[in-house]
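In the numbering used here, the protein residues as written are 287 to 383. To start, the structure under review is shown below, and the notes come after it.
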């Protein structure tokens, strides 16, 4: 089972075809804005690692990475890194708004 990210961030759509006992072709869409480098996949090297490497950085510091501040509270903390990690392995469809 694939669950949406905890706070339902706005971003590109990742599609999941879940096994639905009522209707086997149900298409569910979740939003996953955790693709920090915009390569249509969420992985350790390009998304989770960079978010974790700037842990503790604030908007007042040169290490601050806006894309990694998922909850946009001005500091990259455990919540942000967990949210990026929650989408690990997702392949995002190309050409989505």
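Yeah, the Cβ is synthetic: ideal placement off N, Cα and C, and Gly gets one too.
DSSP-derived helix/strand/coil call for residue i
| i | result |
| --- | --- |
| residue 369 | helix |
| residue 330 | helix |
| residue 309 | Interpretation of residue 309 is limited by its pLDDT of 48, a score under 50 that renders its predicted location unreliable; the figure taken from the coordinates is listed afterwards. Of the three classes helix, strand and coil, the one that applies to residue 309 here is coil, per DSSP. |
| residue 361 | strand |
Alpha-carbon spacing of residue i relative to residue j, whole angstroms
| i | j | result |
| --- | --- | --- |
| residue 334 | residue 374 | 8 angstroms |
| residue 358 | residue 350 | 11 angstroms |
| residue 371 | residue 355 | 13 angstroms |
| residue 311 | residue 320 | Confidence at residue 311 is low in this model, with a pLDDT of 48, below 50, so its placement is unreliable and the value that follows should be read with caution. Using only the alpha carbons, I get a separation of about 27 angstroms. |
| residue 322 | residue 348 | 18 angstroms |
| residue 353 | residue 339 | 13 angstroms |
| residue 364 | residue 341 | 7 angstroms |
| residue 386 | residue 376 | Absent from the structure is residue 386, since the part of the chain shown begins at 287 and ends at 383. |
CB contact below 7 angstroms: residue i versus chain C
| i | result |
| --- | --- |
| residue 369 | In summary, chain C is missing from the structure at hand, where a single protein chain is found. |
Environment of residue i [buried if 16+ CB atoms lie within 10 Å]
| i | result |
| --- | --- |
| residue 325 | exposed |
| residue 328 | buried |
| residue 369 | buried |
| residue 337 | buried |
| residue 367 | buried |
Closer than 6 angstroms: residue i CB and nearest the ligand MG heavy atom
| i | result |
| --- | --- |
| residue 352 | Among the ligands in the structure shown, none appear at all, so the ligand MG cannot be discussed. |
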